[in-house]
Ligand SMILES: Cc1cc2nc3c(=O)[nH]c(=O)nc-3n(C[C@H](O)[C@H](O)[C@H](O)COP(=O)(O)O)c2cc1C
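Numbering (our numbering), first residue to last: 1446 to 1636.
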């Protein structure tokens, strides 16, 4: 395989909003970014329930994909170099495991490693309303440099469809990872 400009680790967990994770994978695929994907067991259920498709269709967008039980995968080690990890969406369960350093599956282990190696980690947590436990876990992670990015619609971007709102949010994730994109209607610009 030809060397790609960036290499990212992406995880999709079983929170609502798996469509954001699928949209992110589509964009990264189109932009030629190397992706290493893990879809949790519960994300497989939510993909089916919310998108009406098999998780395999999302998995096919990745360059490399792993089972969440595969602790021997390259992304389990800090010696695996990458340009950032995104968990989109991120369930409260996975968020709490990461906040506690509890790496019992490949997603939480790869996130733990990303934090210790001081690489970029972006979480798209989804739950509402948020309890003090959720908020404390997010604060703890934000204090060690993790980017907490809830999937909130930017109405100032005037999305006219849900798909547009999803793509605009996806563009803001790409911004955080320094990936040039045209998905965001930037404030102060005509287009
Ligand atoms: C349809 C559906 C929607 C769910 N939505 C959420 C959610 O929005 N946020 C959340 O934290 N958990 C949600 N859950 C529960 C998680 O799937 C559950 O806590 C699971 O253990 C998460 O595991 P994972 O992080 O390894 O994927 C949902 C479950 C189902 C079946």
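Even for Gly, the Cβ is constructed at its ideal location relative to N, Cα and C.
All of these numbers come straight from a predicted model, not from anything done at the bench.
Cα atoms of residue 1533 and residue 1629: separation of roughly 18 Å, rounded to the nearest angstrom. Unbroken beta strand (DSSP E) stretches of 3 residues or longer found wholly inside the region 1461 to 1546: 1479 to 1484, 1509 to 1511 and 1530 to 1535, given in chain order.
Secondary structure at residue 1591: coil, using DSSP grouped into helix, strand and coil. Residues lining ligand 1 by the Cβ criterion, that is a Cβ closer than 6 Å to any of its heavy atoms, are 1458, 1459, 1460, 1461, 1485, 1487, 1488, 1490, 1491, 1494, 1536, 1537, 1538, 1539, 1571 and 1572 in chain order.
A straight line joining the alpha-carbon of residue 1560 with that of residue 1470 spans about 22 Å. Annotation: the continuous alpha helix (DSSP H) that includes residue 1558 extends over 1551 to 1561. Apart from the 5 residues on each side of it in sequence, residue 1510 sits with its Cβ closer than 6 Å to the Cβ of 1482 and 1504 in its chain, given in chain order. Comparing alpha-carbon positions, the option among 1495, 1476 and 1461 lying closest to residue 1537 turns out to be 1461.
In this structure, the beta-carbon distance from residue 1570 to residue 1593 falls below 8 Å.
When DSSP reads this structure, residue 1454 sits in a beta bridge with 1481 and 1530. If you draw a straight line from the Cα of residue 1609 to the Cα of residue 1602, it is about 10 Å long.
Here the C-alpha atom of residue 1553 lies approximately 15 Å from the C-alpha atom of residue 1585. As the crow flies, the alpha-carbon of residue 1573 is around 15 Å from that of residue 1541. The criterion of a C-beta distance shorter than 8 Å is satisfied by residue 1449 and residue 1479. In this structure residue 1606 is not in contact with residue 1465, their Cβ atoms being roughly 15 Å apart against a cut-off of 8 Å.
Judged by DSSP in its simplified three-state form, residue 1580 adopts helix. Secondary structure at residue 1612: helix, using DSSP grouped into helix, strand and coil. The beta carbon of residue 1550 lies closer than 7 Å to those of 1513 and 1514 in the same chain, with the five residues before and after it left out. Look at residue 1621 here: in three-state DSSP terms it is helix.
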